[in-house]
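A.B. asks: Can you read through this structure? Questions will come right after.
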Amino acid sequence: MEGTYNLYIVALSVVIAILASYSALNITSQIWEAHGKSKFFWLLGGAVVMGSGIWSMHFVGMLAMRMNMDVKYDVFLTIISMLASVISSFIAFYITMPKDINWFKIAIGGLVMGSGIVTMHYIGMNAMIMSADIRYDPGLWVLSVIIALVASYAALLLFLRFRHHGKSSFGKWGSAVIMGFAVCGMHYTGMKAARFESHAGMIMEQSQSMEFFLLYSVTVTIFVILLISWGAMFLDRHVLEKLAFQDAITGLPNRNEMNRFFETHSGTEEISILFVDLDQFKAINDTLGHNVGDLLVQEVGKRLSRFIHSGQQVFRIGGDEFLIILQQSDPVYAQQVAEDVLEKIKCVYHIDGNELYVTASIGVSIGCVHSSDRTTLLKNADTAMYKAKRLGKNQQCLYSEEMGMQEVRKMELEKDLQRALELKEFFIVYQPKWNVQTDRLVGFEALIRWRHPRLGVVSPLEFIPIAEETGLIIPMTRWMLEEACKQSKAWQERGIVQPVSVNLSIRLFQSDNLIELVQHVLEMANLKPHLLELEITESMVLHDVNEVIRQLGGIRALGVKVSMDDFGTGYSSIGLLDRIPIDALKLDRLFTHDLDTPSKRAIINAIVLMAENLHLDVIAEGVENKEHIDFLTELGCHVMQGYYYGKPMDIQEVDIWMYEHGHKVEETEFFENDKVEVT
802 MEGTYNLYIV ALSVVIAILA SYSALNITSQ IWEAHGKSKF FWLLGGAVVM GSGIWSMHFV
862 GMLAMRMNMD VKYDVFLTII SMLASVISSF IAFYITMPKD INWFKIAIGG LVMGSGIVTM
922 HYIGMNAMIM SADIRYDPGL WVLSVIIALV ASYAALLLFL RFRHHGKSSF GKWGSAVIMG
982 FAVCGMHYTG MKAARFESHA GMIMEQSQSM EFFLLYSVTV TIFVILLISW GAMFLDRHVL
1042 EKLAFQDAIT GLPNRNEMNR FFETHSGTEE ISILFVDLDQ FKAINDTLGH NVGDLLVQEV
1102 GKRLSRFIHS GQQVFRIGGD EFLIILQQSD PVYAQQVAED VLEKIKCVYH IDGNELYVTA
1162 SIGVSIGCVH SSDRTTLLKN ADTAMYKAKR LGKNQQCLYS EEMGMQEVRK MELEKDLQRA
1222 LELKEFFIVY QPKWNVQTDR LVGFEALIRW RHPRLGVVSP LEFIPIAEET GLIIPMTRWM
1282 LEEACKQSKA WQERGIVQPV SVNLSIRLFQ SDNLIELVQH VLEMANLKPH LLELEITESM
1342 VLHDVNEVIR QLGGIRALGV KVSMDDFGTG YSSIGLLDRI PIDALKLDRL FTHDLDTPSK
1402 RAIINAIVLM AENLHLDVIA EGVENKEHID FLTELGCHVM QGYYYGKPMD IQEVDIWMYE
1462 HGHKVEETEF FENDKVEVT
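Reminder that position 534 of the sequence shown reads as 1335 in my numbering, one-by-one numbering, no gaps.
Listed below in C-alpha cells is the structure:
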C-alpha cells in the first residue's frame, strides 16, 4: 500500500529544511570565531538547530503522506530519533571545528552526520504505530543512504566555505537551498522505499484531527527553534559583537576587530600601519586621575575617527595606543597622514575644567598583510614609534631596515647584559683631571666599559640606557664603586693619593639605600670618604627634588664630594643650585666648542662667576687643544678634563701616563694623621 502526499505540507517541509540549513550556516560561522566556553555554546547551538531542523522536516514530511489508516507515534522512539540527528550533527561539527582541517576529518565528519540522518529517519519510521507492517525496497533504501551521505558531505563543505562569513549573503542562501533540497531528497527517497502492508480487517480512515494537531505542534516547534537561533544570532551580531569588537570608551574598533581585519585580509597585498602612542599620558593619569585620562582618550578617539574612510581604518588597541591602517603602501602618503594626525592630536583639549596640551609619537611601517608577516609589521611600527619618542616626541618615524638591525642589536645587548657582570666582561677606564694653575693631576673619573665576547668593546652610549631601563644599572654601579675605591686605595698605598669620581644613576636614589651603599663600599675598601666623588646630572634632581637633596646631604655628611655632571644641558637646575648639596659643576663639552664666539664665552663667564659666589669648583670637560685651555683659563676655569690631557685609560695605561708626566700629582687635603708625602 502506498500513500498520497499533501503538496502544501511537502512544500512546508522543504521550507523548514532550507531555513534550518540557513540558521545552521549562520551559527556554525560563529563556532570558528568563538573562544573558550562560547565556542562550545555555538557548537551545541549549531548541532541543535541542524539536527532538530532535519528531524522536524522528516516529521512534517511523514505527516504530508496520507494513508487510509490511523497512525500514531511512539514517543520514546520519536525522541530517540531526534537525539540521533542532534548528536550526529554535534560530533560532525566538533570533528571539523579545528582550523587545520583536512580531508580525512571531513570524511569522518560526513560519515557520522550521514549515518545520524539515516538512523534518525528509519527510527522515526519505526516509531509509527499503525495496523500495517513496513517493508523496504533494497535499491531505494541504498539510494536514500547514499543521498544522506552526499547531503552530509555537502553540508560540511558549505559550513567550511562560510566559516568566516558571519553576515547574510546570496551565496549562503543558495547553499541553504541546496542543503534543504538534499535533505528532502533523502527523506522522500526513503519514504518511497517503504512498502506498507496492512493487517487484514484493520483498515480504517485516518484521524484528521490527530494529523493536524501533530502538524501544528511540529510547525510551532521548528519555528520556535528557528526564532531562538535567529535571536541568538541577532544578540551576537548587534550586542555581543559590539561589546567584543568595539572599544567602550572611544567607540572605535578594538584589538579584536583589528585581528579580524587581518584575518579577512590575509593576502599578499601591502598596507601601511601607523602606531600612535600619546606622550606623557601616564603623567596625566597620575596627576589628574584616571577619569580625566579616560575623557582625554575619548576626545583623541573622536579626532582620530575623522581619519576613518574608504581604505583607512582606526583602532584603539591599548590604554593610550591607537592603530591606523591604510590599505596602500605609499610611504610618502603614510607619512603625510601621520603628520596630519599629529596636528589634530596636539590641539588643546578642554576636559573637566583642565586645559591640556597633549602630543603623540607615531611609528609607520609598510609591508605585507600575510599572516606570517603580520606580527613583524606591528613590531616594526612599534619600533619606529619608540624611535620617534627618542627623537623628542610629537614626531613620526618611518621604519627602516637599519632601524630593525639596531633593534635586534639592542635586544641582543639586553640579553647579554644580564650575564656580563657574572662573566666579568666589564672593565673600568680612568680619565685624568688636570689643574691648569698648579699644572698638576687632581683626580680621575672612573668610566665603565663592556668588552663583549663577540661584538668587541660596546660603547656606553649603547648599553647604559639599556641598563637604566632594565634596572641593571644598580648592580653595575655598585660594582663600579667597589672597583674604583679599591683602585684609589691601591694608588694611595703606592704614594699616589688621588680621588676617583663615579657617575650615579637616578635608579640609585630610587632604591633608597644609596647612603648605606656608599658607606659600605668605603669601609670595604678602607678608603677615606674625601677620596671618593660622586657625579650626578642636573636632570636627576627634578625627579624628586626633596628626596634627592636629602640623600645628597647624607652622602656629603660622610665626607664624600658631589659634583653635577653635564651642567648646562637638558633641564636647567640653576634655580635649585643654592639648595642642592654639591661641591663642583662640570661644564658639558658643549661649552668647550666655539669658545671664540662672544656669546659662548659670556655664558661660561656667567657660570664661573655664579659658581664662585656659591663656593663651587668648575671643571671643564671635552678639552682637546691648547686654544680651549687658554680661553677657559682666561674665563676663570682652572680644572680641565679631556683628550688634551689624557683619554680614558685602563690601569696599565694610567701607570704609563703618570710615569710620562713625571708623577705631577697635586697633594690632596687630608684629615689629620692621614697625610702622605708625594714626590
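Ideal Cβ positions, reconstructed from N, Cα and C, are used throughout, including at glycine.
Strictly by DSSP, which residues pair up with lysine 873?
C.D. replies: In the DSSP output, where bridge partners are listed per residue, lysine 873 has Ile930.
A.B. asks: If isoleucine 855 and isoleucine 918 are in contact, beta carbons under 8 Å, what's the gap, nearest whole angstrom?
C.D. replies: Right, their Cβ atoms sit about 6 Å apart.
A.B. asks: So, at 8 Å on beta carbons, what are the nonlocal neighbours of aspartate 1080 in its own chain, with the 5 sequence-adjacent residues on each side left out?
C.D. replies: Excluding sequence neighbours, aspartate 1080 sits near Val1159, Thr1160, Ala1161, Ser1162, Lys1190, Lys1194, Asn1195.
A.B. asks: Short of 7 Å in beta carbon distance, which residues of its chain neighbour valine 816, apart from the five on each side in sequence? Order them along the chain.
C.D. replies: Within the same chain, valine 816 has no close Cβ partners at all.
A.B. asks: Find out if the Cβ-Cβ distance for the pair valine 1301, leucine 1335 is shorter than 8 Å.
C.D. replies: No, they are not a contact pair.
A.B. asks: Nearest to threonine 1398 by CA position, among Phe1432, Met1411, Ile1383, is which residue?
C.D. replies: Nearest C-alpha to threonine 1398: Phe1432.
A.B. asks: Given 8 Å as the limit, is there contact between the segment 1066-1075 and the segment 1118-1129, that is, 3 or more CB pairs closer than that?
C.D. replies: Yes, they touch.
A.B. asks: Got a sec, what are the start and stop residues for the alpha helix (DSSP H) glutamate 1213 sits in?
C.D. replies: Where glutamate 1213 is concerned, the enclosing alpha helix (DSSP H) stretches over 1202-1221.
A.B. asks: Please state whether DSSP places tyrosine 1231 in a helix, a strand or coil.
C.D. replies: Looking at tyrosine 1231 - three-state DSSP - the assignment turns out to be strand.
A.B. asks: Out of Val984, Ile924, Val1342, which has the shortest C-alpha to C-alpha gap to glycine 915?
C.D. replies: If we check each option's Cα against that of glycine 915, Val984 comes out closest.
A.B. asks: Check serine 1312 in the structure and name its three-state DSSP category.
C.D. replies: If DSSP states are grouped into helix, strand and coil, serine 1312 belongs with coil.
A.B. asks: Classify valine 1440 as helix, strand or coil using the three-state DSSP reduction.
C.D. replies: Three-state result, valine 1440: strand.
A.B. asks: I'd like to check one pair, isoleucine 1249 with isoleucine 1229: are the Cβ atoms closer than 8 Å?
C.D. replies: In this structure, isoleucine 1249 lies closer than 8 Å to isoleucine 1229 by Cβ.
A.B. asks: Ends of the alpha helix (DSSP H) at asparagine 1304?
C.D. replies: Per DSSP, asparagine 1304 belongs to no alpha helix (DSSP H); it is in the beta strand (DSSP E), 1301-1304.
A.B. asks: Report buried or exposed for tyrosine 1188, applying the criterion of at least 16 other Cβ atoms within 10 angstroms of its Cβ.
C.D. replies: According to the sequence provided, residue 1188 is lysine. The question's tyrosine does not apply to it. Lysine 1188 comes out buried.
A.B. asks: Check the DSSP bridge columns for cysteine 1198 and list the partner residues they point to.
C.D. replies: BP columns for cysteine 1198 point to Gly1164.
A.B. asks: How many angstroms separate the CA atom of leucine 1428 from the CA atom of serine 1400?
C.D. replies: Looking at the sequence itself, residue 1428 is glutamate, so the reference to leucine does not match. If you take the alpha carbons of glutamate 1428 and serine 1400, they lie about 17 Å apart.
A.B. asks: Considering only DSSP beta bridges, list what proline 1054 is partnered with.
C.D. replies: Proline 1054 is bridged to Gln1047.
A.B. asks: I need the boundaries of the beta strand (DSSP E) containing lysine 1287, first residue and last residue.
C.D. replies: Unbroken run through lysine 1287 is the alpha helix (DSSP H), 1274-1294; no beta strand (DSSP E).
A.B. asks: For phenylalanine 1046, which residues in the same chain have their Cβ closer than 8 Å to its Cβ, ignoring the five residues on either side in sequence?
C.D. replies: So the list reads Pro1054, Asn1055, Asn1057, Glu1058, Arg1061, once near-sequence residues are dropped.
A.B. asks: Buried or exposed: which applies to phenylalanine 877, given that a residue is buried once 16 or more other Cβ atoms fall within 10 Å of its Cβ?
C.D. replies: Burial call: exposed.
A.B. asks: Would DSSP call tyrosine 823 helix, strand or coil?
C.D. replies: Tyrosine 823: helix per DSSP, three-state reduction.
A.B. asks: DSSP has isoleucine 1350 in a bridge; who is on the other side?
C.D. replies: According to DSSP, which records beta bridges pairwise, isoleucine 1350 is partnered with nothing at all.
A.B. asks: Can you pull the DSSP bridge partners for threonine 1271?
C.D. replies: Paired residues: none, contrary to the question.
A.B. asks: What are the start and end residues of the alpha helix (DSSP H) that includes isoleucine 1452?
C.D. replies: That run of the alpha helix (DSSP H) goes 1452-1461.
A.B. asks: Check whether the segment 885-892 touches the segment 932-947, taking contact to mean three or more Cβ pairs, one atom from each stretch, closer than 8 Å.
C.D. replies: Result no; under three Cβ-Cβ pairs closer than 8 Å.
A.B. asks: Could you give the first and the last residue of the continuous alpha helix (DSSP H) run that contains methionine 1411?
C.D. replies: Looking at the DSSP string, the run of the alpha helix (DSSP H) that includes methionine 1411 is 1399-1414.
A.B. asks: Compare the Cα-Cα distances from tyrosine 1444 to each of Asn1086, Trp1235, His1416 and report the closest residue.
C.D. replies: Of Asn1086, Trp1235, His1416, the residue nearest in Cα terms is Trp1235.
A.B. asks: What does DSSP give as the partner residue(s) for methionine 866 in the beta ladder?
C.D. replies: Its beta-bridge partners are Tyr806.
A.B. asks: Could you compute how far the alpha carbon of phenylalanine 1227 sits from the alpha carbon of aspartate 1345?
C.D. replies: About 31 Å.
A.B. asks: Measuring only the C-alpha atoms, how far is lysine 873 from methionine 931?
C.D. replies: Cα to Cα, lysine 873 sits roughly 7 Å from methionine 931.
A.B. asks: Using the Cβ count rule (16 or more neighbours within 10 Å means buried), how would you classify methionine 1325?
C.D. replies: So methionine 1325 counts as exposed.
A.B. asks: Quick check: what's the CA-CA separation for tryptophan 974 versus phenylalanine 1082?
C.D. replies: Answer to the nearest angstrom: the Cα atoms are 49 Å apart.
A.B. asks: Return the bridge partner residues of glutamate 1100 from the DSSP annotation.
C.D. replies: Beta-bridge pairing links glutamate 1100 to no other residue.
A.B. asks: Given a cut-off of 8 Å on the beta-carbon distance, is the pair glutamine 1288 and glutamine 1442 in contact?
C.D. replies: No, the Cβ-Cβ distance between glutamine 1288 and glutamine 1442 is not below 8 Å.
A.B. asks: Mind checking who arginine 1357 pairs with in its DSSP beta bridge?
C.D. replies: Looking at the DSSP assignment, arginine 1357 forms no beta bridge with any residue, so it has no partner.
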